[in-house]
Every structure is written in C-alpha cells, then in structure tokens.
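Report on the following structure.
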Amino acid sequence: MIDYFKEIISGTWSLFVGMAITIRYFFQPVVTVQYPHETLPMPPRFRGHIDLVKDEESGQSKCIVCGMCQKACPSGCITLAGEKPEGGKGKVLTKYILDFTKCSLCGLCVESCKPEAIAFSRDYNLAGLNRNDYVFDLIKRMEERN
Amino acid sequence: MSPSLLTAEGLSGLLFLSLVGVTLVGAVIAACAARVIRSVAGLALCFLGVAGLYYYLNSPFVALMQILIYVGAVCVTIIFAVMLAESDETKMPLKQNGLVGPLGILAGGLLAWALAALALKTDWHQAATKVNNGTVADIGQSLLTTYSMSFELISVVLFVAIIGSVVLARGGRSKS
Amino acid sequence: MSLDPEVVRVLAFLVGVIAFAALNAAYLVWLERKEAGHIQRRIGPKEVGPFGLLQPLADGAKLMTKQLIVPDGVDPVLFKIAPIMVMVPAIMSFVTIPFSDTLVARNIDIGLLVIFAFASVNVLGLLLGAWGSRNKYAIISAARVVSQNVAYEIPMLVTVVTLVMITGTMNLHEIVMSQQGGFWNWNILRLNASPLMPISFLIFFVCMLAETNRAPFDMAEAESELIAGAFTEYPGMGFGVFFMGEYANIVIGACLATILFLGGWQCPFGLYPGVHWFLIKIYAIIFTVIWIRWTFPRTTFYSLLNLSWKILIPISFFNLILTSAMLKVF
Amino acid sequence: MSAFAQSQTNETFVLNLGPQHPATHGVLRVKLVMDGEYVVEAEPVLGYIHRMHEKMGENRTWAQFLPNTGRMDYLHALAFNHGYVTAVERAAGIEVAERAEYIRVITNELNRISSHLLWFGAFVLDLGGFSPLLYAFDDREHILDLLESVTGSRLTYCYYRFGGVYNDIDDGFLAGTTAFIKRLRDRMPMYHNLVTKNIIMMKRLEGIGPVSAEMCRKYGATGPVARGSGIDFDLRKHEPYSVYSEFDFEVPVYTECDSMARYMVRMDEIEQSMRIIEQAVAKLPDGPFMTPKVSKIVKPPKGDYYNAVETARGSFGIRLVSDGTNTPYRLKLRSPTFSNLSLFGEASRGMLLPDALALMGSLDLVIPEIDR
Amino acid sequence: MNLLTLSNELNTYLVIGAMLFGIGFYGLVQRRTFIGMLISAELILSGASVNFMAFNRFLAPNPTVGQIFTLFIMAIAAAEAAIALSIIIAVYRNYKSVDTEDVADLQG
Amino acid sequence: MKLAAIKQALAAISPLAIEQTEYAGKGFVLDVKVAADQVVEAAIVLDKEDFFIEAVTGVDWLGEKEALKKEAEKQAAAAAAAKAKAAAEAAEAAGEEAPAAPAPAPAPASVPSEDVAPLIDDLEVVYDFNRYDQLCRVVIRTRVPRDNPEVPTISKVYPGANWHERETHDFFGIKFIGHPDLSPLLLPEDADYHPLLKDFTV
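Now the structure itself:
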C-alpha cells in the first residue's frame, strides 16, 4: 500500500521534472540554422566532388595523365584522356569526365594523385533535373572557374 | 395562419420535421441495410433523432441521456461486437425464404398502422393538474423519494449485467 | 417581414461558434508546431507569413487540393460520414460554453451534460471511420479508442459529479458564478469542500488528455505503432476534418477545465472579469497540453488502463465519498 | 509458415509491419500474426536494400572496398571501416602507426557516441517521445561537425587506411573533442531526468522484452543486446584490438535482460566512450599518422583470416579469403544486427504490439547493415 | 393541420412511436443475424420510449414519471445490449457464426 | 586452458583435420575440417561447450582443383625432369645402364586418382563459433561437391543459424537439409540465382 502511493508520487514527480526540462528549453534560443537563408562554413577538408587543380604558372591543369585516379576509383566514374603535344615532354590532358552519378565521394582518386592535380571541391548545393547534369567535364569547369 | 419560416417557431417546426425525418430514415436504414455496420450507423441516426424529439417533449435531460447512453454507449458496444464477431461481413447470408421479406413488411406495416390508428382514434384526456414541471430537479427528487426502490433495483440490474457480460465474454484468451 | 431577433441571435451564435472552432483548429496546429519547435530548440513554421502565421491557410489549401481518394474495399458512405461525425458534435458542444457573463450561445440548466453527451458521439465517429476504412491498423486503433474512452469516462464523470455536488448545479454559468472573487475561490482551491480538490483537477486533466486522445495517451493514432491509427486511410480534407475535430475537442476540454476548476471568466484577483480571462485560461491549458505532448513518450495501452482502473478511479471515488461526507458534516 | 496458414481459420490475423512503417527505421518488413494486439508469430522479412557488398568486394581491389564499409552501418561507419582495415592489416601483416591507432580510437569512439545518441533519440521516438530525439541530434551534430572537419564527410566516412589514417588530426579537433565531452557530460543528467527516470519510460521498458542469455547465445547476439542480458562480452576488452587494452574503461553489463537493461547499457557506454576518448586525447603520441612503408597495392598472402571489432551494435566480423592477388577472393561480412534481429521472432512471441516495437527499438536496427 | 406546429401534437409522437415499432418489428422478422435482431429490438424499445415521453409531456399529471420510466428503459437497454453482445461473442467463439440458422443446437 | 578440452571434445567426433592456429595472424584459434555429415555433431559439441554462433558462410572454390592439378602436374613435371636429369646424370655416371629407366613420370600421390573423370570443384561451408567468456574462436569447415551441395542444417541446434544458412543458400545455392524454410532471405523472393558463385554472371 505504501509502495502504491510512493509510486504515484515519485512517478508524478518524474513527470514534472521532465516538463521542467522541456519548458526550460522552450525559452532558450534556437540552435538550428535557417538553411537557405543562412549557411554554415564548410570545413576545409570537406569532400565534395573532385575538381582539377590549376597550375598557377601555366594556367593549365597539373594533371600528367598517369591514369592513377581512373584506376583507383572503385566505381569507375572517371574517364580521362591526354595526348602528347609536339615537342613537349609528357602528356597534356584533353578530356577529364567525372560521372558524378556513380561517385561515392570516397576520395581514393585524390589520394592516388601524385602531382596533386585533383582536389575536392566545396560544392554541396548540387541539384538538377537531369541525370546528364551530373556528368561533369572537369576541364571546362576548371576553365569556367575564373 | 401558418407561422412564417423565419420566426423562431417556424424554424423550430422545420427542425422538428427534419428530426422526424432523421428518426424514420435512420430506423429504416437500421432495419433494412445489407451491412450490419450501416444498420448500426442508421440506429445511431435514429437515436439522435429520437433525442431531438425528447427535446421537443420538454425533457432535455432525457434527450441528452439518450445521446449519452444510446449513441455513446449502446451503438459503440454494438459496433465493437461487429468488429469482434463479424470481421468478414462480405458474406451476408441471403438464403432466407423469399416470403419472409414481404410478410415482414406486411406485419410491420400492419402493426404500425394499427397502433397509429388506435392512437389517433382514442380521445386522450389531459390531466387536470400537474404536480410539477418535470425538470431535472423534479426527476432527481422523484428518483430518490418515490422511486428509490426502482432506482436501487436498476443499479442491481446493471451490476449483474456487467458481471454477466464480463463472465460471458471472458474465457476466450487463456494467456495473460 | 422582418427577421425574428431570436433567430438572428441563434444564427449569429452558430456562425460565431463554428468560426471559433474552425479558427482554433487551424491556429492550434500552428501553436502546436511553433511550441514543439521551440521546445526542441528550433523555430517551427516561419516561411508563410510573419512567424509562419499563414501556415494553417497554406496547409488547408494543400489539404483541399488533394484528391479525395476513397480506397478500394472501404464502405464509402461511412468513410465519408465519419469525419463529419467527429467534427459536428465537437462544434455543437460549444453552444453551451459561457465565454463570459453574457457571451454564451445558449445557457441551459444541464449544460455540463450537453458537453458529455456530444463528446460521446465523437467516439462513434472515430469508430465508424476506423471500421469503414477496413484497415487493420485502423481497427486496432478503434478497439483502443473505445476501451480508453470507457475507462477514462468513469473517473472524469465521478470527478465532475463531485464538482456538481459542491456547486449544486449543472449550469455552466452558475458553476462559474459560484467561483467568484479571487483565485482562492476557484474550485481547484476549494479546500473546504474537499482537501483533494487539486488532485481531482489533476485527475480531470489526465482524463481530458485521454478522452481527447492526446499524448501521452494518444493510443488511437500512435504513429510509431499504428501509423495514423483510425485516420490511416484518410486523404486530404477527410484527414483535415478529423484533425479539426480533434483540436475542437481539445478546446472543449480546456474550456471545461477552465469553467469547472479555474473560475471561467473570473479574474484571479477579482478584478475585471471577462472573456479575456477565459481565453487566457483556456490557452494556458492548451499550451500545457501541447507541452506535455512534446515532453513525454507514449504510454502503453495496458498501463493506460492500469492508470485508470488502479489509480484514477479509486482516488476519484474516494474524493466523491470524502466530499459528500464533508458536505454533510459542514 | 504454419502460423500464417492457420491465421485464415483462427481468430488471428496477419499484420504487415512495413516495409514503410514509422517504427522500422528504414525498409524492414515484419510479418506479424496477431491475436488482437498480441503477437503470435513475428517474421522479419529482409533484403529490401540488399546491395551484395560481398560480391562487390570480390570485384575490386582491397583498397577499393574501403568506401563500401562505411555504407553498411551508416551510423557507426568508422567501426566498419576499422573492422575492414584491421582485417586486411592482420592478413597482410601491416604494422599500424601508433598515432594512427590513437586517432582511430578517438574517432571511432566519437562515432560510437553519435550512433548511440541517434539510437537514443530514435528509440524514444519509437516510444512516442519526440523532443529527446532532437536534443540528441543537437549533441550528435557536434560530433558530426568534428568528424567532418577531420574526414571531410558527415556520415559515410572513409577515413582509415591500411597502416594508418587518411589525414592527421589537428589541435582544433582535439580541443573541439574535449569541449564536446564536457558538453555531453553536462547534458547526460538531463537525458536521464527527461527520459530514463520518467515513469512512463520505466513502465514501458522495465520487464518488457526479455531476452535471456541463453537465447543470445543460441542466436549469436552480441553488443548491447548481449550485455543487457548479463553477458560480459565486449571485443574491446575481450579480444583487444587496436590500442584498446591501454585504456581504463568498463564494460557496462546489466542482468535484467529487459529493454531497460539494453537501454542502460547504451547510455552507460556513452559515458565509457567519453572516458576512452579523454584518455586517448591525453595519451596521443606524436609521430606519423601512417606507416610509411605500406605499399599502395596490398596483397595479403594466401589463406583465410577472421577479424572482428566491436561496433555500436555488436561484433562485426570479417572473414577474408585471399588468394594472394590484389583482389579479395571472398569477403564475408558478419554484421551484428543480422544476428541480433534474428532473435526477434522468438523474443516477441506473446507480446503486445507496442511492447514488441519497444523490443525492436531496443535491438538498435540499422537496416543497410542487416541487408548489406 | 399545420406541418410546422406538429411538434405540439400528441398524435405526432404516437404515430412516430408506432412507426418505429413497426420498422423494428419488420427488422426483427427479416434479420437473420443476432446483431441485426438486437438492433431491431432497440428500435422497438425506442418506439415505446417515445410513447412514454409523449404521454408524459401531454397527459401525465406527474411529468417526471414518464421520464424516469424512459431512463429505466435506457438502463435496461444498455444492460441488455451488454449481455446480448457478450452472448453473441461467446456464440461466435463456439460456432464461428452469428447467423441464427447456424446456431440450431438449442432446438430440441 | 579450456582450449585443450574443446579440442579434445571436437576430436572425439573424429574430424578430417583439426588444427590449432595462431590467433594474432589468423583471428581464430581452432580450424576444424569435418565431413558434411559431421557438422551437426560438431555443432552439438560446441553448443555443450557454451559457444555462440557468429556466422555461417560459404566459399566457392571453383577452379581450385584445376589449379591444384596444374600445380601438381607442374611439380610432377619438375620432379620428373629433376629425376630424369638425375637419372641422366646417374646414367652418365653409370655408363650404359641409362635406357633401362625411361622415366614414365608417374602420377604423384597428391593428385586425386579420379583425374579421368571431369573435375568437380568444392563449395566450402564455414561456421564461425565464439565464446562469450574467453578468446576462443573456432572455425568449422566442410566441403561439398559443387554439383550437389548438401549439408545438414544446424538450425535445430542453433536457431540463430537459420538466417545464416538461408543467406548462404541465397548466395551459394548450398542446400541445408532439414532447414525449415530456405526461401530467399536477402535476395528477391523469386531469385533462382546464386550470386556469390564464381561462375555467376549478371
């Protein structure tokens, strides 16, 4: 009988304790970010899709067309091609296609790239209506960037 | 002279007519609908109409009790039984004798006609005086004085009914 | 031929009551979302109109434009009637509620009974809707609604009977008038009538939550168990009307609690009584109802029945006996 | 099964819980034979998001499988990452840089806390309480920010590499971690007051959903499910991998066998993880975050290997069969929840629907991990 | 006879009561399930109640008696419904049917 | 040490091979090879010793026998060559006795004797067991021919094996005799293919 009342009282008390907690939060400021109106800074290591890095001196891609990224990619989303210019040494990149629909953002390509010619972009706001919007021509993107 | 529709009396008369309609339509649905669940809905409609009639008969208390008990309790209980017992109501048996329907209508109609005719033919005498106005307070007074015995008895009946239905409905589930 | 003023009055009040119920239903959704948001440290609706105040209209418009699907295999008539059977009695109950000394659609002697009578029809609507939609979740929900309402009607009615014994009337207006002058005269603190009055207010409040299917007693639409319970199959405005009925019931419950325990339109300090106090009180209660919903997990069905049969009913009966004894003695 | 056939004649009926049901958290379907609200027979139906990770593993190099590991248990991705890299390291005999081991422990435990916090919220949501979910999300968001600053992604981390980790951590991360632990320490009493000690919660969990130790053994349940049944089994202590043997922490074990016990195990594990992180941050050695001489192309010698780690949900085992080439010959992934869920059918028999759902919530299901 | 003042006529109510009774009787004859018969019985009872209330209003010297009688009918009806439904459920358990013809064991 | 006792208990059912492995390198301590019909006995032994079931899976050894045969032939050829060379040398040393031993390259013992019949590869079924209280992971493996993969079920001993066996049946087509329900668990309901077989193509 004593247990009965004890349980009622302790139980009711626990309910009031819970309500006290929630009402305290009611009066505290909100913690959410109103996304389309405000955005948070992206951390420097954010892994977006990849982008080609421009060589500051030549204005060209740093890529040496070794194909390591293509090999490292588990999903096979990178297609690249290069050609040997006359007189120059080493290949020059002519095509670099990223099929972002297949990409799983693992970063193995960036890791495998010796000349650090590819890097993660900070784009996260990607939306589109067409599947083909996500087959990126990275050379074009690099040129468009500035 | 007939009262205008836009006076209080006119509206109340109209309301009365619609209540009569609701009662009778509900009753017909209750008696004739092919699906049991619809007859319960019709029954609820009929009870609501009857509650309205009681209101017109100067006893709002009984009207509300009618809603509370019949609509809120009896109909709900019936639906509950439908849910428990007739989960496959698609197979309504229609294998009865073809004469039953017409004969039923005949008998029911005859009864209704006879009773109505009797009621209309009789010359009812109004009581000369009324001892009270039949308000809620009066009902309470009577219940606890003159009719206290029946009041007690009805509580016994209800109690027995509760026990009985618990005993009857129990027993199915052996666990817990 | 001019209109009878009585008819005008009735019509005006009817329109007023319906508008009040509909507006409340719409804006309680807004209040609920806003309050839930702030309790959870987010904002809640904010895009449509200032503070999201036009959100209910947008929601309503969305619900209206949705196709009214009547699923295969349901009973179409019952399926369509059920939401109305929930909504209409809730609105009818407003008729007897005295918002202030003069602002009442119809003051009748047994106003309290009117509310309970119409509240019981509500269950029937839910039950018909659930059965009509031929959905297993809905039927489980219907079974829960009935046993829950039966179990909680008892302590609620016993508590109300206690109050009727104290005030000696079922007229809502008179009940409020008997609590005149300061909050120490309110029924919740009328300790000379029964020292258990605050507890019986708690009992009433808990029963009100249970009767209106609000969390933590929202067995009927326990979304993590029964998806949406009785409303699972309802699209668009069918669901909307059910929802409005639910909120209208909450308002009725809050009004009843205010009238019975918190002195209706009376001011806590005996000054300036009026409709504003009534509104403040009912919205405070509604705020608490929403606050409770966003604080607690849901109870289970059997602990809900246990609570009613093992705790609320014994205590309310004890209170009834105690009160009658005290009324006789003093 | 027989019970499903019987349901036609008996008073029972079949209730399809899922594949889209609020309580199954993803695409799990449970066929329930119900007698009223009592569960007569429950049969989980799996495979709605089966992706055949094991076959994918056979078609890519050892390193290329790394991103897949984070996509099974997306809530504790780092543990799966960890399980896979340690398995390959064991097979190929790769040494791990010491600093990397500590980094792994810190990030892994942070991830474990985030997983438990999410479970906590989702579990309370299953029981009908919504606000604790968002409070837990608030805390979890801090962990995700921390891990994002290190790994670059918020959920499907692919951070560990054979022999080390992908990136070094910086002081900002360590400071953030310490600050977060302080914050969470302050928040834990709030969670307990709001949820654990709540009478409704206690009524819903205590004595509900008993899973005996014997049942755990027969079904191979591990993790908090086993520990809630009085089984002191935590691979971090039991078969110490990485550098877990160097930390002082306890394995919370509750013998009540009910949902509350499983709940308490996880809540206590959050505390223990915080202890481990604190110690790891204090002890973090300097040095390279990657063993320098690890070749890019891993070729474990022929043979088969087994390795298991403790994830938030139990022991995740990997059986590797290598034929000496640069692709795995066979990659068996033994996910903990698969075994944990398999006891649901027996454990839920005769329970009420809400209690069965509470039991299911207390098993902490992550469907992609079950379906793989 | 004015349609709008019918509510003040005793005979209106008596006719309605008779009609309810007739419809209920028809239902009782025509229905083949226990639940249907129960519903029809309720109709007959309310027909009787309407009559009581009507006499109470128009003729009775003590207008509480009819109301009290109606209240008693309600109580009896509620009790009867409860009992009848538990019987129906018990019958359903044993016979898997609520059809009266299927439950013929009680016939001699 | 409990391990010895367990080893002894398992040895009592006379498995094909029982090997103690080094935990640090392999991740398990006992590697037991049994015949297909001994699986249940082994499971019963482990059940008595309070083991819990960790996983059941399969491995497809398609091409293994071919490779083994080639390996053996290569070895044999090498051996024969070596022998021939030795013989030649010996003959050279011995002078005229050389033609008496033309070195017919006999089949080495390691190659199965039925090499005339088409080679049928094996499917391996692997059972992992572990204990809650100490570091003791035991692997039971059995091999069944690929064209008729049948193993008795252990789901009667360990109900938890039910799903693991169903999964293995999904992926490898191994039939667990006596299993209550071998319908696809992870694969679609109507799947009749077994994706983890090495000769499976989409």
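Line by line, the protein sequences give chains G, E, S, D, A and Z. Here our numbering is used: the first residue of the first sequence is 5, the next is one more, and so on. Here our numbering is used: the first residue of the second sequence is -2, the next is one more, and so on. Here our numbering is used: the first residue of the third sequence is 3, the next is one more, and so on. Here our numbering is used: the first residue of the fourth sequence is 16, the next is one more, and so on. Here our numbering is used: the first residue of the fifth sequence is 137, the next is one more, and so on. Here our numbering is used: the first residue of the sixth sequence is 6, the next is one more, and so on. Note that CB positions come from ideal geometry on N, CA and C, so glycine has one too. Quantities reported herein were computed from a predicted structural model and do not represent experimental measurements.
Checklist entry - Which residues share a DSSP beta bridge with E71(Z)? => result Paired residue(s): none; E71(Z) is not in a bridge.
Item to check | Whole-Å CB distance - A27(S) paired with A250(S), under 8 Å assumed | outcome: Indeed, because the Cβ distance is near 6 Å, the residues count as touching under 8 Å.
Item to check | T200(A) - partner residues in DSSP beta bridges | outcome: Paired residues: none, contrary to the question.
Item to check | Expected contact under 8 Å - CB spacing of S79(G) and C107(G) to nearest Å | outcome: With a contact defined as Cβ atoms closer than 8 Å, S79(G) and C107(G) qualify at about 6 Å.
Checklist entry - What whole-angstrom Cβ distance do F118(S) and W188(S) have, given they're in contact under 8 Å? => result Taking the Cβ atoms as the reference, F118(S) lies roughly 21 Å from W188(S), outside the contact range of under 8 Å.
Item to check | Counted within 10 angstroms of its Cβ, other Cβ atoms place K46(S) as buried (16 or more) or exposed | outcome: This sequence places Gly at residue 46(S); Lys is not what is there. By the neighbour-count definition (other C-beta atoms within 10 Å, threshold 16), G46(S) is a buried residue.
Checklist entry - Mapping DSSP to helix, strand and coil, what is T270(D)? => result Here DSSP, grouped into helix, strand and coil, assigns T270(D) to coil.
Checklist entry - Is it buried or exposed for T297(S), if we count other Cβ within 10 angstroms and need 16 for buried? => result Label assigned to T297(S): buried.
Item to check | Given A78(D) as reference, the closest of A327(D), V45(D), P383(D), Y99(D) once Cα atoms are compared | outcome: The option with the nearest alpha carbon to A78(D) is Y99(D).
Checklist entry - Is it the case that the Cβ atoms of L126(S) and A41(E) are separated by a distance below 8 Å? => result Taking 8 Å as the cut-off, the beta carbon of L126(S) is found closer than this to the beta carbon of A41(E).
Checklist entry - If you draw a straight line from the alpha carbon of E261(D) to that of P218(S), how long is it in whole angstroms? => result For E261(D) and P218(S), the distance between alpha carbons rounds to 46 Å.
Checklist entry - Got a sec, what are the start and stop residues for the alpha helix (DSSP H) T84(D) sits in? => result Membership of T84(D) in the alpha helix (DSSP H) is indicated by the continuous run 81 to 84.
Next on the checklist: My assumption, with CB atoms under 8 Å, is that M172(S) sits in contact with G255(S). Please give the rounded CB distance.
Outcome noted: 17 Å between Cβ atoms; not a contact.
Item to check | Sub-8 Å separation of Y278(D) and F138(D) beta-carbons | outcome: Yes, the Cβ-Cβ distance between Y278(D) and F138(D) is below 8 Å.
Item to check | Continuous alpha helix (DSSP H) stretch holding P100(S): start and end | outcome: Where P100(S) is concerned, there is no enclosing alpha helix (DSSP H), given that its DSSP letter is neither H nor E.
Item to check | Where W186(S) falls, given that 16 or more other Cβ within 10 Å makes a residue buried | outcome: Under this definition W186(S) is an exposed residue.
Item to check | Assigned secondary structure, N31(D) (DSSP; H/G/I helix, E/B strand, else coil) | outcome: Judged by DSSP in its simplified three-state form, N31(D) adopts strand.
Next on the checklist: With a threshold of 7 Å on Cβ separation, who are the neighbours of S377(D) within its own chain once the five nearest residues in sequence on each side are excluded?
Outcome noted: Here the set comprises F138, G224, S274, R277, Y278.
Next on the checklist: Given this structure, state the Cα-to-Cα distance separating N194(S) from P275(S), to the nearest angstrom.
Outcome noted: Separation of N194(S) and P275(S) (C-alpha to C-alpha, rounded to the nearest whole angstrom) is 24 Å.
Checklist entry - Going straight from the alpha carbon of V34(Z) to that of A87(Z), what length do you get? => result The C-alpha of A87(Z) is placed about 39 Å away from the C-alpha of V34(Z).
Item to check | Inter-residue spacing [alpha-carbon to alpha-carbon] between Y228(A) and A196(Z) | outcome: Between Y228(A) and A196(Z), the C-alpha separation is close to 43 Å.
Checklist entry - Should Q80(Z) be labelled buried (16 or more other beta-carbon atoms within 10 Å of its own) or exposed? => result Flag for Q80(Z) reads exposed.
Item to check | Spatial neighbours of V258(D) in its chain, beta-carbon cut-off 7 Å, leaving aside the 5 residues before and after | outcome: Excluding residues within five positions, the ones whose Cβ falls inside 7 Å are E116, Y117, V120.
Next on the checklist: Classify R219(D): buried if its beta carbon has 16 or more other beta carbons within 10 angstroms, exposed otherwise.
Outcome noted: Around the beta carbon of R219(D), 16 or more other beta carbons sit within 10 angstroms, so the residue counts as buried.
Checklist entry - With C-beta atoms as the reference, is V313(D) less than 8 Å away from F195(D)? => result Result no, Cβ atoms of V313(D) and F195(D) do not sit closer than 8 Å.
Item to check | chain Z residues whose Cβ lies nearer than 8 Å to that of N322(D) | outcome: Contact of N322(D) with chain Z by beta-carbon distance below 8 Å involves G32.
Item to check | Where the beta strand (DSSP E) containing Q25(Z) begins and where it ends | outcome: Note, Q25(Z): beta strand (DSSP E), 22 to 25.
Next on the checklist: Distance check for V381(D) and F359(D), CA to CA, integer angstroms please.
Outcome noted: C-alpha separation (whole angstroms): 14 Å.
Next on the checklist: Quick check on this structure: which residue in L128(S), I190(S), V208(S), Y154(S) has the alpha carbon closest to the alpha carbon of G231(S)?
Outcome noted: Taking each of L128(S), I190(S), V208(S), Y154(S) in turn and checking the Cα distance to G231(S), the smallest one comes out for L128(S).
Item to check | Proximal residues of chain S, C-beta to C-beta of F95(D) below 7 Å | outcome: Chain S residues near F95(D): none, gap ~27 Å exceeds 7 Å.
Item to check | Cross-chain neighbours of R300(S) in chain D, by beta carbon under 9 Å | outcome: Per Cβ cutoff of 9 Å: L142, G143, G144, I215, R219, P369.
Checklist entry - Residues of chain S with CB under 9 Å from A41(E), in chain order? => result Going along chain S in sequence order, the residues near A41(E) (Cβ under 9 Å) are M87, V123, L126, L130.
Item to check | Whole-angstrom distance between H53(G) and I180(G), CA atom to CA atom | outcome: Nothing in the structure corresponds to residue 180(G), since chain G is present only between 5 and 150.
Next on the checklist: Tell me the DSSP secondary structure of Y304(S) in three-state form.
Outcome noted: Y304(S): helix per DSSP, three-state reduction.
Checklist entry - Just curious, the alpha helix (DSSP H) that M49(D) is in, first and last residue? => result Unbroken run through M49(D) is the beta strand (DSSP E), 44 to 50; no alpha helix (DSSP H).
Checklist entry - Is the shortest distance between the beta-carbon of T297(S) and the beta-carbons of chain G less than 8 Å? => result So yes, T297(S) belongs to the interface.
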